[in-house]
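Scroll down for the structure; my scribbles are underneath it.
Number of protein chains: 2
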Amino acid sequence: MIRVLIADDEDMIRTALAALLRLEDDLEVVAECRDGESAVTEAQRLKPDVCLLDLEMPGLDGVDTAAKILRSVASRCVIVTRHARPGVLRRALGAGVDGFLPKSRPADDVAAVIREVAAGRRYVDPEIAADALSDERSPLTDRELDVLRAGARGETVAEIAASLHLSAGTVRNHVSSVLGKLGLASRQQATIHARERGWI
Amino acid sequence: MIRVLIADDEDMIRTALAALLRLEDDLEVVAECRDGESAVTEAQRLKPDVCLLDLEMPGLDGVDTAAKILRSVASRCVIVTRHARPGVLRRALGAGVDGFLPKSRPADDVAAVIREVAAGRRYVDPEIAADALSDERSPLTDRELDVLRAGARGETVAEIAASLHLSAGTVRNHVSSVLGKLGLASRQQATIHARERGWI
DNA sequence: GGCCACCCGTGACGAATGTCACGGCCGTAC
DNA sequence: GTACGGCCGTGACATTCGTCACGGGTGGCC
Numbered sequence: 001m002i003r004v005l006i007a008d009d010e011d012m013i014r015t016a017l018a019a020l021l022r023l024e025d026d027l028e029v030v031a032e033c034r035d036g037e038s039a040v041t042e043a044q045r046l047k048p049d050v051c052l053l054d055l056e057m058p059g060l061d062g063v064d065t066a067a068k069i070l071r072s073v074a075s076r077c078v079i080v081t082r083h084a085r086p087g088v089l090r091r092a093l094g095a096g097v098d099g100f101l102p103k104s105r106p107a108d109d110v111a112a113v114i115r116e117v118a119a120g121r122r123y124v125d126p127e128i129a130a131d132a133l134s135d136e137r138s139p140l141t142d143r144e145l146d147v148l149r150a151g152a153r154g155e156t157v158a159e160i161a162a163s164l165h166l167s168a169g170t171v172r173n174h175v176s177s178v179l180g181k182l183g184l185a186s187r188q189q190a191t192i193h194a195r196e197r198g199w200i
Numbered sequence: 001m002i003r004v005l006i007a008d009d010e011d012m013i014r015t016a017l018a019a020l021l022r023l024e025d026d027l028e029v030v031a032e033c034r035d036g037e038s039a040v041t042e043a044q045r046l047k048p049d050v051c052l053l054d055l056e057m058p059g060l061d062g063v064d065t066a067a068k069i070l071r072s073v074a075s076r077c078v079i080v081t082r083h084a085r086p087g088v089l090r091r092a093l094g095a096g097v098d099g100f101l102p103k104s105r106p107a108d109d110v111a112a113v114i115r116e117v118a119a120g121r122r123y124v125d126p127e128i129a130a131d132a133l134s135d136e137r138s139p140l141t142d143r144e145l146d147v148l149r150a151g152a153r154g155e156t157v158a159e160i161a162a163s164l165h166l167s168a169g170t171v172r173n174h175v176s177s178v179l180g181k182l183g184l185a186s187r188q189q190a191t192i193h194a195r196e197r198g199w200i
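Next comes the structure, spelled out in structure tokens:
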């Protein structure tokens with residue numbers, strides 16, 4: 001019997017997946033969590049065989065949650081996500097995740113992947129894996145990404161500078177460098193671009 | 001037997017819901033569609049009793065799809081959505097939709113709502129309904145929303161003006177008016193604000 | 001008729017933004 | 001050692017952006 005923990009902040013998808021997994025004879029859903037923090041707590045308490053973690057969750061996201069779980073429990077983690085991008089896959093594998101499944105795959109595959117991972121194998125969606133091999137990784141430096149992240153909600157240059165403890169001129173230089181690398185013309189275009197590729 | 005059409009571009013949630021609904025004795029899933037256009041076609045061909053439509057779909061969104069279906073077939077429509085905002089609910093009801101269910105509700109509720117709607121009753125998530133009654137609707141004019149939509153991807157004022165066949169000064173005035181009404185300081189903040197509330 | 005809201009435009013102003021050139025400080029690679 | 005790239009900062013510059021005041025046009029409402 002494979003003991004499974006599910007974490008997803010969206011009730012409809014979480015309860016639907018849990019109900020489907022319960023129909024499988026060899027799977028047992030031992031916990032349903034709506035955020036990363038409770039998933040970590042429950043994983044430490046119940047020590048499930050496999051944790052199925054949604055990437056997009058408030059607070060701790062799926063990868064952060066997996067990293068915390070893997071540091072303290074001998075569980076295996078599968079990341080499920082709507083926005084499957086090479087950048088995210090890299091982050092996930094770096095955190096020690098064993099499965100990576102985009103939500104563009106049918107629900108039947110979830111049980112299959114859980115069995116694979118529980119058996120000690122890894123599973124990565126082949127489509128994304130191919131993308132991750134062929135694609136360009138972010139040409140931006142860490143600091144440049146910091147600036148993009150800090151300005152993602154429409155903050156002004158001065159506010160970005162304040163939150164990063166920089167001077168406004170430095171922020172402008174970083175932004176200018178980003179726009180040059182990406183061939184774009186404004187910060188908001190750069191943030192959209194970076195978000196679509198999973199860089200931030 | 002209630003005949004149901006499901007439309008959702010995300011395979012995992014669509015197949016999961018379809019599988020769960022098939023477990024119900026009184027429901028029959030007659031079609032699964034991944035976009036609005038095919039949902040309209042299939043609805044016209046199969047004339048299902050209830051159409052379960054995801055709001056967020058490429059091309060025709062859920063509400064547009066419902067409007068097209070309701071004009072040509074005697075089906076009833078239920079909108080399912082991740083971002084349930086009063087503005088969206090208003091749009092949906094205006095299109096003649098009979099059910100409105102956010103994805104923050106458990107999957108069991110889907111079958112219950114389908115039965116309600118099939119029986120000729122309406123169902124609107126009480127949480128959202130309360131919000132819709134109490135909240136402010138958008139204080140922005142149609143043209144102001146046009147400008148926000150046109151500039152949602154980081155376009156410059158001149159580009160917005162070109163795509164709306166306006167002068168740059170007029171666009172700036174609309175933007176200025178929007179920012180005044182919302183108490184914000186930049187276009188990108190205004191677009192974020194409007195998106196969060198379902199105005200665009 | 002007047003009043004008002006919305007729409008479109010112009011012109012001018014200050015502030016914010018992006019570009020460029022420059023210098024300095026650290027690491028790592030050769 | 002030198003060379004290079006990332007990082008931080010300054011200063012000056014042109015462009016863009018948001019604000020304001022103004023005028024004209026339409027259509028609905030009293």
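Residue numbers (UniProt numbering), protein chains in the order written: chain S, 1 to 200; chain F, 1 to 200.
Yeah, the Cβ is synthetic: ideal placement off N, Cα and C, and Gly gets one too.
Under 8 Å between C-beta atoms of residue i and residue j
| i | j | result |
| --- | --- | --- |
| Ile52 of chain S | Val78 of chain S | Note on residue identity: the sequence assigns Leu, not Ile, to residue 52 of chain S. Closer than 8 Å, so yes. |
| Leu101 of chain F | Asp125 of chain F | yes |
| Ile2 of chain S | Leu27 of chain S | yes |
| residue 214 of chain F | Val4 of chain F | Outside the displayed span of chain F (1 to 200) sits residue 214 of chain F, for which this structure offers no information. |
| Ala19 of chain F | Leu182 of chain S | no |
| Ala107 of chain S | Thr15 of chain F | yes |
| Lys47 of chain S | Val73 of chain S | yes |
| Ile200 of chain F | Ala161 of chain F | no |
| Thr81 of chain F | Gly36 of chain F | no |
| Arg76 of chain F | Val50 of chain F | yes |
| Val157 of chain F | Val178 of chain F | no |
| Arg143 of chain S | His174 of chain S | yes |
| Ala67 of chain F | Ile128 of chain F | no |
| Ala132 of chain F | Arg105 of chain F | no |
| Glu42 of chain F | Lys103 of chain S | no |
| Gly198 of chain S | Pro86 of chain S | yes |
Residues that residue i bridges to, as DSSP identifies them
| i | result |
| --- | --- |
| Arg3 of chain S | S:Glu28 |
| residue 209 of chain S | Only positions 1 to 200 of chain S appear in this structure, which leaves residue 209 of chain S out of reach. |
| Val50 of chain S | S:Val4 and S:Arg76 |
| Val124 of chain F | F:Phe100 |
Partner residues on chain F for residue i, Cβ-Cβ distance less than 7 Å
| i | result |
| --- | --- |
| Arg22 of chain S | Residues of chain F passing the Cβ test: none, with the nearest at roughly 11 Å. |
Neighbour flag for residue i against chain S, beta carbons, 8 Å
| i | result |
| --- | --- |
| Glu10 of chain F | yes |
| Thr156 of chain F | yes |
| Asp125 of chain F | no |
| Leu17 of chain F | yes |
| Arg82 of chain F | yes |
Closer than 7 Å at the beta carbon, the chain S residues around residue i
| i | result |
| --- | --- |
| Arg105 of chain F | Asp11 and Met12 |
Under 9 Å from the C-beta of residue i: neighbouring residues of chain F
| i | result |
| --- | --- |
| Arg153 of chain S | Gln188, Gln189 and Ile192 |
| Ile185 of chain S | One detail in the question is off: residue 185 of chain S reads as Ala in this sequence, not Ile. The answer, in chain order, is Gly154 and Thr156. |
Exposure of residue i, with buried meaning 16 or more beta-carbon neighbours within 10 Å
| i | result |
| --- | --- |
| Met57 of chain S | buried |
| Glu196 of chain S | exposed |
| His165 of chain F | exposed |
| Gly62 of chain F | buried |
| Ala31 of chain S | buried |
| Pro139 of chain S | exposed |
| Asp8 of chain F | buried |
| Asp98 of chain S | buried |
| Ser167 of chain F | exposed |
| Ala194 of chain S | buried |
| Thr141 of chain S | exposed |
| Ala95 of chain F | buried |
| Gly59 of chain S | exposed |
| Ser176 of chain S | exposed |
| Arg187 of chain F | buried |
| Gly180 of chain S | exposed |
| Ala112 of chain S | exposed |
Beta carbon proximity, residue i to chain F, threshold 8 Å
| i | result |
| --- | --- |
| Arg3 of chain S | no |
| Arg195 of chain S | no |
| Leu145 of chain S | no |
| Asp108 of chain S | yes |
Residue i: CB within 7 Å of a non-hydrogen atom of the ligand PLP
| i | result |
| --- | --- |
| Glu144 of chain S | Because no ligand of any kind appears in the structure shown, any question about the ligand PLP cannot be addressed here. |
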